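Participant:
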Amino acid sequence: MNYTGNVIKYGDNIDTDVIIPARYLNTSDHGELAKHCMEDLDKTFVTRVKKGDILVGGFNFGCGSSREHAPIAIKASGISCVIAKSFARIFYRNAINIGLPIIECPECVDETDEGDKLEIDLENGKIINYSNGKTYKTTAFPEFIQEIIKSGGLMQYIKNKK
Amino acid sequence: MGMTMTQKILAKSSGQKSVKPGMLISAKVDMVLGNDITAPVAIKEFEKIGAEKVFDTEKIALVPDHFTPNKDIKSAEQVKLMREFARKMGIKHFFEIGQMGVEHALLPELGLVTAGDLVIGADSHTCTYGALGAFSTGVGSTDMAAAMVTGEVWLKVPEAIKFNLIGKPGEWVSGKDIILHIIGRIGVDGALYKSMEFTGEGLEFLTMDDRFTIANMAIEAGAKNGIFEVDDETLKYIAQHSSKPYEIFRADSDAEYVEELTIDIGKIRPTVALPHLPENTKTVDELDDITIDQVVIGSCTNGRIEDMRIAAKILAGRKVHKNVRCIIIPATQMVWKQCMKEGLFDIFIDAGCAVSTPTCGPCLGGHMGILAEGERAVSTTNRNFVGRMGHVKSEVYLASPAVAAASAITGKISSPEELMD
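Quick note, the sequences are listed as chains P and B, same order.
Residue numbers for the first sequence follow our numbering, beginning at 1 and rising by one.
Residue numbers for the second sequence follow our numbering, beginning at 1 and rising by one.
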């Protein structure tokens, strides 16, 4: 599966409180959550994000609260994939479990600018940056995690196994 | 190669003789936890795949504590969904208002988690129970849903950092100062994906409440879990609170750690984390005058009886500064009752504090003490991210109950030493 889109880029330690503030957690409606995605960090995010865009962050992306509403809000806002230097571990699980592709690639993050056009080839572990002409290798997910992603998330994976 | 405490519990729970860092395992859970924010998402996922029953009606705990007592209609609907699910599935541990408390104070108090358990919770501070010598970690709602169906969770076996605690803490230094000091030293991703294992001769000076506070904030260093070596203090607590069978796991002498740090807790000074990351720590001595608008004493980090006692000790016979609102929230009904018995509420009320029924409310900017633009709070909670307790231009300073109480009196961030000599 390949994903192509333009980059929206933020820095290190993007926490789940800024991804989706707790004041909106009295609902789990995906569309409602998407309306407030990144609100406390960047009010313009929801107006400029386009379907397929790629979110790029620094170290420890998604730190803080375990709220699954954070990857849900990102996915529902139209973001196709998140690339970061590293992910906080609960965010990492949640993204995989709900079928939001995420990739760790510090080199790509360093050399990618806001607005760059990227193509991500998940199966072959490759990122192409059309704006700077570079290609990056990424580490493939372990087989078990690939199975979850292929099933479309953890619950479907469990259902298929039954 | 030997195993750490964490690795031993993961080996036991996945039915293997030994595990190594990096291995992906499926492990049996002894308790699955969810709250009023995360459980509704889990319940929907549970129902989406047509699951009809939970794996074990006694190994699931549902605690509506974040927006409760329900702050608005939507929150009430979320708790209603939990309540109806609990009834339909016959889940034993659903805690209604009147029995509920802040989840991570409540579960150990009721003995629902114990040494050697493998616990997952759809709340990042589930790592708190590591204080009891359990493996305990925060997960998401889908993980919770999957575990409610299968009784299992997928985990990657973590590497470990060993914290060798030595020395005896000073009078006004508690578990909160120790964990803030450690996070300041290693950073908010200093233990990313790893377990933090606490051991050493300094443990004998740490009460269980200190240890709960330290394990609680392991996630603030990015850790998968924090875990304490079981000692007499742990066993005494377990005997008082739990009738569940427990098992003690000790690290092998040749267990492998990616890092070993010795922390002299005798040298730690009252410590505060400045906005907007828990790693931005300074000792109170290093701070200039920082005036404040609000103080919150409570939460899963510092809402236990010892936290209340130390706040009362400092507030006794004094008044909260006229420019400060001081909100005190005992974390459970049992802590509440104990406060009443010991006369702590008289001290709090006479000092001009407001006392609330148990809730997580203000910690996450939910309700019961939201900050306005430009306002500054000293809080005994665990996160000081942008907008965490209210307006994006408000500020949260994380501190111990002692520092919070002293600051409430002086109106600026203060060490209790300034008042108590």
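No residue lacks a Cβ here, since even glycine has one placed at the ideal position from N, Cα and C.
The structure displayed is predicted, hence computed values, not measured ones.
Sort out for me which residues DSSP pairs B:R325 with in a bridge.
Facilitator: B:R325 is bridged to B:Q294.
Participant: Do you know how far the Cα of B:K393 is from the Cα of B:A372?
Facilitator: Their Cα atoms are separated by approximately 8 Å.
Participant: Indicate the three-state DSSP secondary structure (helix, strand or coil) for P:D15 in the structure shown.
Facilitator: If DSSP states are grouped into helix, strand and coil, P:D15 belongs with the strands.
Participant: Using a cut-off of 9 Å between C-beta atoms, extract the partners of B:Y257 located in chain P.
Facilitator: Chain P residues near B:Y257: none, gap ~18 Å exceeds 9 Å.
Participant: For the stretch 26-110 of chain P, list the beta strand (DSSP E) runs that are entirely contained and at least 3 residues long, ordered along the chain.
Facilitator: 54-57, 81-84, 102-104, all fully within the stretch 26-110 of chain P.
Participant: Would you kindly work out how many angstroms separate the C-alpha atoms of P:I74 and B:A146, rounded to a whole number?
Facilitator: About 22 Å.
Participant: What residues from chain P crowd round B:Y442, counting only those whose CB sits closer than 7 Å?
Facilitator: Nothing about residue 442 of chain B can be reported from this structure: the residues present for chain B run from 1 to 421 only.
Participant: Cα separation between B:G98 and B:D254?
Facilitator: Approximately 48 Å, taken between the alpha carbons.
Participant: So, helix, strand or coil for P:Y136, using DSSP?
Facilitator: P:Y136 falls in the strand class under three-state DSSP.
Participant: Would you say P:E147 faces chain B, with C-beta separation under 8 Å as the test?
Facilitator: P:E147 does not count as touching chain B.
Participant: Between the stretch 54-67 of chain B and the stretch 353-363 of chain B, are three or more C-beta pairs nearer than 8 Å?
Facilitator: Enough Cβ pairs lie closer than 8 Å, so yes.
Participant: Using a 10 Å radius around the Cβ and a threshold of 16 neighbouring Cβ atoms, would you call B:Y129 buried or exposed?
Facilitator: B:Y129 is buried by the Cβ-count criterion.
Participant: Report yes or no: do three or more beta-carbon pairs, one from the stretch 330-338 of chain B and one from the stretch 398-411 of chain B, lie closer than 8 Å?
Facilitator: The answer is no - the stretch 398-411 of chain B does not touch the stretch 330-338 of chain B, with fewer than three Cβ pairs under 8 Å.
Participant: For B:S75, decide whether its Cβ has a neighbour in chain P, counting only Cβ atoms nearer than 8 Å.
Facilitator: Cβ-Cβ to chain P under 8 Å: yes for B:S75.
Participant: Using DSSP with H/G/I as helix, E/B as strand and the rest coil, what is P:N2?
Facilitator: It is a strand residue.
Participant: Per DSSP, B:L118 is paired with what?
Facilitator: Note: B:L118 sits in a beta bridge opposite B:F135.
Participant: With 16 other CB atoms within 10 Å as the buried threshold, where does B:V258 fall?
Facilitator: Exposed, since its Cβ has fewer than 16 Cβ neighbours within 10 Å.
Participant: Measuring CA to CA, which of P:Y10, P:Y157, P:C108, P:F61 is closest to P:S131?
Facilitator: With distances taken between Cα atoms, P:S131 lies closest to P:C108.
Participant: Shortest alpha-carbon distance to B:M196 belongs to which of B:L261, B:Y246, B:I238?
Facilitator: Cα-wise, what sits closest to B:M196 is B:L261.
Participant: From the DSSP output, which residues share a beta bridge with P:I120?
Facilitator: P:Y3, P:I127, per the DSSP bridge assignment.
Participant: Using a C-beta to C-beta distance shorter than 7 Å, which residues of chain B count as neighbours of P:A22?
Facilitator: Per Cβ cutoff of 7 Å: L364, G365, G366.
Participant: Give me the chain B residues within the contact set of P:T27, using Cβ-Cβ distance strictly less than 7 Å, ordered along the chain.
Facilitator: Within chain B, the residues near P:T27 are K74.
Participant: Would you say B:P40 lies against chain D (beta-carbon separation less than 8 Å)?
Facilitator: Absent from the structure is chain D; the protein chains it does hold are P and B.
Participant: If you follow the beta strand (DSSP E) that B:I161 is in, where does it begin and where does it stop?
Facilitator: Its beta strand (DSSP E) spans residues 160-166.
Participant: Run through DSSP, which three-state label would B:G226 get?
Facilitator: B:G226 falls in the strand class under three-state DSSP.
Participant: Excluding sequence positions up to five away, which residues of its chain have a Cβ less than 7 Å from the Cβ of B:G387?
Facilitator: Only G365 meet the Cβ criterion.
Participant: Could you tell me which residues DSSP pairs with B:G34 in its beta bridges?
Facilitator: Beta-bridge pairing links B:G34 to B:L62.
Participant: Would a C-beta distance cut-off of 8 Å place B:C297 and B:V324 closer than the cut-off?
Facilitator: The amino acid occupying residue 297 of chain B in the given sequence is Ile; Cys does not appear at that position. The answer is no: Cβ separation not under 8 Å.
Participant: Skipping 5 residues on each side, what residues in its chain have a beta carbon closer than 8 Å to that of P:N160?
Facilitator: For P:N160, where only same-chain residues beyond five positions count, the Cβ hits under 8 Å are S151.
Participant: Starting from B:R376 and walking both ways along the beta strand (DSSP E), at which residues does that stretch end?
Facilitator: Element bounds for B:R376: 376-379.
Participant: Against chain B, does P:I74 count as a neighbour if the rule is that its beta carbon must be under 8 Å from one of theirs?
Facilitator: Output row for P:I74: interface = no.
Participant: Would you kindly check if the distance between the Cβ of P:G57 and the Cβ of P:Y10 is under 8 Å?
Facilitator: Yes, Cβ-Cβ distance for P:Y10 and P:G57 is below 8 Å.
Participant: For B:A405, is the classification buried or exposed, using 16 other Cβ atoms within 10 angstroms of its Cβ as the cut-off for buried?
Facilitator: So B:A405 counts as buried.
Participant: Apart from the five residues on each side of it in sequence, which residues of its chain come closer than 8 Å, Cβ to Cβ, to P:F87?
Facilitator: For P:F87, where only same-chain residues beyond five positions count, the Cβ hits under 8 Å are N60, F61, G62, A95, I102, E104.
Participant: With 16 as the cutoff for other CB atoms within 10 Å, does B:P401 come out buried or exposed?
Facilitator: Classification of B:P401: buried, given that the 10 Å Cβ count is 16 or more.
Participant: For B:T150, which residues in chain P fall below 8 Å Cβ to Cβ?
Facilitator: Within 8 Å Cβ-Cβ: I158.
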